[in-house]
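Single-structure report; data block below.
There are 4 protein chains.
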Amino acid sequence: MEMDVASVQAFLDEHFPQGYGRVEAVAPQTARLRLTVADEHLRPGGTVSGPTMMGLADTAIYVAILANVGPVAAAVTTNLNANFLRRPPVRDLLADARLLKVGRRLAVGEVSIHTDGDAEPVAHVTATYSLPPR
Amino acid sequence: MEMDVASVQAFLDEHFPQGYGRVEAVAPQTARLRLTVADEHLRPGGTVSGPTMMGLADTAIYVAILANVGPVAAAVTTNLNANFLRRPPVRDLLADARLLKVGRRLAVGEVSIHTDGDAEPVAHVTATYSLPPR
Amino acid sequence: MEMDVASVQAFLDEHFPQGYGRVEAVAPQTARLRLTVADEHLRPGGTVSGPTMMGLADTAIYVAILANVGPVAAAVTTNLNANFLRRPPVRDLLADARLLKVGRRLAVGEVSIHTDGDAEPVAHVTATYSLPPR
Amino acid sequence: MEMDVASVQAFLDEHFPQGYGRVEAVAPQTARLRLTVADEHLRPGGTVSGPTMMGLADTAIYVAILANVGPVAAAVTTNLNANFLRRPPVRDLLADARLLKVGRRLAVGEVSIHTDGDAEPVAHVTATYSLPPR
Chain A
1 MEMDVASVQA
11 FLDEHFPQGY
21 GRVEAVAPQT
31 ARLRLTVADE
41 HLRPGGTVSG
51 PTMMGLADTA
61 IYVAILANVG
71 PVAAAVTTNL
81 NANFLRRPPV
91 RDLLADARLL
101 KVGRRLAVGE
111 VSIHTDGDAE
121 PVAHVTATYS
131 LPPR
Chain B
1001 MEMDVASVQA
1011 FLDEHFPQGY
1021 GRVEAVAPQT
1031 ARLRLTVADE
1041 HLRPGGTVSG
1051 PTMMGLADTA
1061 IYVAILANVG
1071 PVAAAVTTNL
1081 NANFLRRPPV
1091 RDLLADARLL
1101 KVGRRLAVGE
1111 VSIHTDGDAE
1121 PVAHVTATYS
1131 LPPR
Chain C
2001 MEMDVASVQA
2011 FLDEHFPQGY
2021 GRVEAVAPQT
2031 ARLRLTVADE
2041 HLRPGGTVSG
2051 PTMMGLADTA
2061 IYVAILANVG
2071 PVAAAVTTNL
2081 NANFLRRPPV
2091 RDLLADARLL
2101 KVGRRLAVGE
2111 VSIHTDGDAE
2121 PVAHVTATYS
2131 LPPR
Chain D
3001 MEMDVASVQA
3011 FLDEHFPQGY
3021 GRVEAVAPQT
3031 ARLRLTVADE
3041 HLRPGGTVSG
3051 PTMMGLADTA
3061 IYVAILANVG
3071 PVAAAVTTNL
3081 NANFLRRPPV
3091 RDLLADARLL
3101 KVGRRLAVGE
3111 VSIHTDGDAE
3121 PVAHVTATYS
3131 LPPR
């Protein structure tokens, strides 16, 4: 790995202090984030908002890129596609990202989000990042 | 129109108080929202965050549905696809939504987001809503 | 399973004779199709065309629905999102579909396509089907 | 324009002989293609297949890029997102593409497909192309 959990978390804290979730694990091609759900993430009726889940998924793929490629601060999301599958209850969310491709110019990943303790995904996201020249 | 600007805004304020943007206009198949950018919408480096733009786009399509179909509180987003085109500066964003389909069970819309005063879009979003039985 | 490999294949042959690929396996939530690449699937330069891969992925999710839900001829694709990851060589393609959700009105699945003998995916697809009332 | 209708059509005929549709018009940021529907494009029940519409949309954005950027044979589609809105009857399809961005490395476009003579779109597609260094 190019960066471990602590160094990825430190990088996020420095560069993206308003980020979503804490890094729980990184491994070849993968990363896991946990979001402790707070009032700012909720929608009326007691469910987690769509933008919160999309922000979490976006961050999870970015963390997988950081851990596997190194500290590329200038990577930017160019496309994000989200399918919302079930209404998440107000509990911690886990986001499991997996890189599908890391090319010279683009990285693509997918993320499955589920509620801690439930097996069924609440959302599934794919996203593309444009990578700066290395 | 089933609802005008004031009644859609009142509906949003009641049901989605943490929403994104203010309703500026509604018309057959379309709606326009304005987001006054604040600290909570920013990313380091002085740009609007992706989740902010996705939340704004999602709300804009919902507003177009409300104005054209009526107050369907139980409509839920099932898919959202975003293309991020340019880095938005820290200025008001305008989101122009257009409904592509309003069926019995699904509504689909597209949104173009641009910075107030610039013609070029900073993001383009399509989204699908599942509609409750009417 | 509601349908096995032979009965799903017979259903496809009857209802979608111009379909993509042969059913190799079905299991809870999953299905595998194989496409024997022919001239009609190729693009100049010796690679499989995008529409061929999208058609294969679309069929693979449909097969997973048939096998797990039963013969729903009236299911229709409402959204398909494809990420093209690598240039496939002219060899058999395998499409592995997995259902992310089977609801009352919508089913969502994801598909990973890879060349027979290669581990890396050449394309990744998610798609939504609208299901008829059962 | 970098290429006119005749030169774009000649380029397609040479490089993509199995392409979808004929070029009807090109203009700044836009292109229109017409598909004369034939047996190979149909699904049982008398409707145009999804892969046909996705192939047509993909080609329409490529034509808009060619007309506006010049003959970039090595451009490749990296993402395509399709929303299927209505069941198209068996009549000519028109695809209207519009470029949302032409950057140094990526081009993004959207396409609205409708049946000749009907105003309502049958499908809406966005797609991203990776451009070779120029």
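Those protein sequence lines, which keep their order, are chains A, B, C and D.
Just so we're aligned: the first sequence equals residues 1 to 134 in this note's numbering.
Just so we're aligned: the second sequence equals residues 1001 to 1134 in this note's numbering.
Just so we're aligned: the third sequence equals residues 2001 to 2134 in this note's numbering.
Just so we're aligned: the fourth sequence equals residues 3001 to 3134 in this note's numbering.
For every residue, glycine included, the Cβ atom is placed at its ideal position computed from N, Cα and C.
Using the three-state DSSP reduction, which class does residue 2067 of chain C fall into: helix, strand or coil?
helix
Looking at C-alpha atoms only, which residue of C:2004, C:2131, C:2111, C:2088 is the closest neighbour of residue 2045 of chain C?
C:2088
Ignore the nearest five residues each way along the sequence and tell me which others in residue 3108 of chain D's own chain have a CB closer than 6 Å to its CB.
3100, 3101, 3128
Please list the partners that residue 130 of chain A has in chain D, where partner means a Cβ-to-Cβ separation under 8 Å.
3105, 3106
Write down the C-beta distance between residue 3065 of chain D and residue 3074 of chain D rounded to the nearest angstrom, noting that I regard them as a contact closer than 8 Å.
The Cβ separation is near 12 Å, so there is no contact.
By how many angstroms is the C-alpha of residue 2017 of chain C removed from the C-alpha of residue 98 of chain A?
35 Å
Kindly indicate which three-state DSSP category residue 1017 of chain B falls into: helix, strand or coil?
Here residue 1017 of chain B carries a coil assignment [DSSP, helix/strand/coil].
My guess is that residue 1093 of chain B and residue 1035 of chain B are in contact by the Cβ rule of under 8 Å, so how many angstroms apart are they, rounded?
4 Å
Minimum length 4: unbroken alpha helix (DSSP H) runs contained in the segment 2023 to 2107 of chain C:
2050 to 2069
Quick one: any contact between the segment 1002 to 1014 of chain B and the segment 23 to 40 of chain A, if contact means 3 or more CB pairs under 8 Å?
no
Among B:1063, B:1015, B:1103, the one whose alpha carbon lies nearest that of residue 2130 of chain C:
Ranking B:1063, B:1015, B:1103 by Cα distance to residue 2130 of chain C puts B:1103 first.
Enclosing beta strand (DSSP E) for residue 123 of chain A [first to last residue]:
That run of the beta strand (DSSP E) goes 121 to 130.
Less than 8 Å separating the beta-carbons of residue 110 of chain A and residue 125 of chain A?
yes
Listed in chain order, which residues of the segment 3086 to 3097 of chain D have Cβ atoms closer than 8 Å to some Cβ of chain B?
Residues of the segment 3086 to 3097 of chain D that bring their beta carbon within less than 8 Å of a beta carbon in chain B comprise 3086, in sequence order.
In chain C, which residues lie less than 7 Å from residue 121 of chain A when you measure between Cβ atoms?
2100
From this set, C:2133, C:2096, C:2113, C:2091, which residue's C-alpha is nearest residue 1105 of chain B's C-alpha?
C:2133
Is residue 50 of chain A close to chain B, meaning its C-beta is less than 8 Å from at least one C-beta of that chain?
yes
Alpha carbon to alpha carbon, how far is residue 1058 of chain B from residue 2058 of chain C?
26 Å
Name the chain D residues whose beta carbon is nearer than 8 Å to that of residue 1126 of chain B?
3081, 3083, 3124, 3126
If contacts are defined as beta-carbon pairs under 8 Å, then residue 2082 of chain C and residue 3080 of chain D qualify, I think. What distance do you get, rounded to the angstrom?
5 Å
Euclidean distance between Cα positions of residue 38 of chain A and residue 3117 of chain D
52 Å
Report the option in A:13, A:24, A:77 whose CA atom is closest to the CA atom of residue 95 of chain A.
A:24
Roughly how many angstroms separate the alpha carbons of residue 113 of chain A and residue 3027 of chain D, rounded to a whole number?
Spanning the two alpha carbons is a distance of roughly 43 Å.
In angstroms with no decimal places, state the Cα-to-Cα distance between residue 3084 of chain D and residue 10 of chain A.
Taking the CA atoms as reference points, residue 3084 of chain D sits about 43 Å from residue 10 of chain A.
Distance check for residue 2047 of chain C and residue 3015 of chain D, CA to CA, integer angstroms please.
13 Å
Closest Cα partner of residue 2022 of chain C within the set C:2067, C:2068, C:2060:
C:2060
Counting only C-beta atoms, is residue 2114 of chain C closer than 8 Å to chain D at any point?
no
Output the distance between the C-alpha atoms of residue 1001 of chain B and residue 1052 of chain B, rounded to the nearest integer angstrom.
Distance between the alpha carbons of residue 1001 of chain B and residue 1052 of chain B is about 28 Å.
Can you pull the DSSP bridge partners for residue 2117 of chain C?
BP columns for residue 2117 of chain C are empty, so no partner.
Between the Cα of residue 1091 of chain B and the Cα atoms of B:1054, B:1050, B:1115, which residue gives the shortest distance?
B:1115
Give a yes or no on whether the C-beta atoms belonging to residue 1077 of chain B and residue 50 of chain A are separated by under 8 Å.
yes
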